[in-house]
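Let me begin by presenting the structure, written as structure tokens, before commenting on it.
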Amino acid sequence: MEGDSTTINITETPKERKGKAPLLAAPPASKPVAPKAPKGGYKRCLAIFDVVLRLAGIAAALGAAIAMGSTDQTLPFFTQFFQFKAQFDDLPAFTFFVIANAITAAYLALTIPISIVCIVRPHLVAPRVILIFLDTVMVALTTAAAGGAASIVYLAHNGNSDANWPAICQQFNDFCQEISGAVVASFLAVVVLMFLIVLSAFAL
């Protein structure tokens, strides 16, 4: 019939609707980007700690050398012909101890500028390698000096009955206290040097 119109309704199935993306879809939210840490930051911190440890090592080694080098004691009972006196230079081990710790203190003072260069240029490798090598040499030198002096201090405190070496610390009490403190300070310098080697290794 005229005037009648036929309309055809086309409905979308759920499967077809599921596959279509909306034209005005919201853009995916961007994840916040965390600010990157400056490169070499931890190496710069290690270099600063390196300088602090070198200052502490200077104090320990120099204190050990001064304490041992200024140690002497004279007993109050002596006559015109006999005088009981103890000095550090009476024993070669103590003389070597003073020289070795003085060298260690001077070395640590001379290497502070290299540590400062590592603070300014934390990515440099050559200064770290040089410091590791020289620090290892100083560990060997200082340990040898401290170990040799420690053995003499032990004999001074306890003696050796097999060798007929009497303990002298009962008479030279002040002398033994000072040399014992010097040996402890020297071993502290050894520990500081070991920490310096570990720091340089981490920085590399």
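Numbering-wise (UniProt numbering), the sequence shown opens with residue 1 and increments by one.
By construction, the Cβ of each residue, glycine as well, lies at the ideal position given by its N, Cα and C atoms.
Reduced DSSP secondary structure (H/G/I, E/B, other) of residue i
i      : result
Asn160 : strand
Ala21  : Note that Ala21 has pLDDT 49, beneath the 50 cutoff, so the model's placement of it is unreliable and the number below is only indicative. Three-state result, Ala21: coil.
Leu204 : coil
Met1   : Its pLDDT being 46, under 50, Met1 is placed unreliably by the model, and nothing is read from it.
Assumed close pair residue i, residue j - CB separation to whole angstroms, cut-off 8 Å
i      : j      : result
Val192 : Ala47  : Not really, about 16 Å apart at Cβ, beyond 8 Å.
Ala167 : Ala149 : No, Ala167 and Ala149 are not in contact; Cβ-Cβ is about 17 Å, not under 8 Å.
Leu199 : Asp89  : Not confirmed; about 36 Å, so no contact.
Ile114 : Pro127 : 5 Å
Selected residue, minimal CA-CA separation from residue i, among the options
i      : options                           : result
Ile99  : Gly69, Ile114 and Asp90           : Gly69
Gly147 : Asp162, Leu124, Ile179 and Ala201 : Ile179
Val190 : Leu53, Lys43 and Tyr42            : Leu53
Ile116 : Lys43, Tyr154, Ala145 and Asn158  : Lys43
Leu141 : Pro92, Phe96 and Ile66            : Phe96
Val120 : Leu204, Phe202, Phe94 and Gly41   : Gly41
Met194 : Thr143, Tyr154 and Phe94          : Thr143
Cys176 : Tyr154, Ala163 and Asp162         : Tyr154
Leu91  : Asn160, Ser151 and Ile58          : Ser151
Phe202 : Val125, Trp165 and Ala145         : Val125
Could you check whether the segment 171-187 touches the segment 123-134, counting it as contact only if at least three pairs of C-beta atoms, one from each stretch, sit closer than 8 Å? no
For the structure I just gave you, are there three or more beta carbon pairs, one from the segment 182-193 and one from the segment 57-68, closer than 8 Å? Because the criterion of three Cβ pairs below 8 Å is met, the segment 182-193 and the segment 57-68 touch.
Which ranges would you report for the beta strand (DSSP E) in the UniProt domain "Casparian strip membrane protein" (44-192) if only whole runs of at least 3 residues count? Runs of the beta strand (DSSP E) inside the UniProt domain "Casparian strip membrane protein" (44-192): 72-74 and 85-87.
Quick test of the definition: if touching needs 3 or more C-beta pairs under 8 Å, does the segment 134-145 touch the segment 91-109? yes
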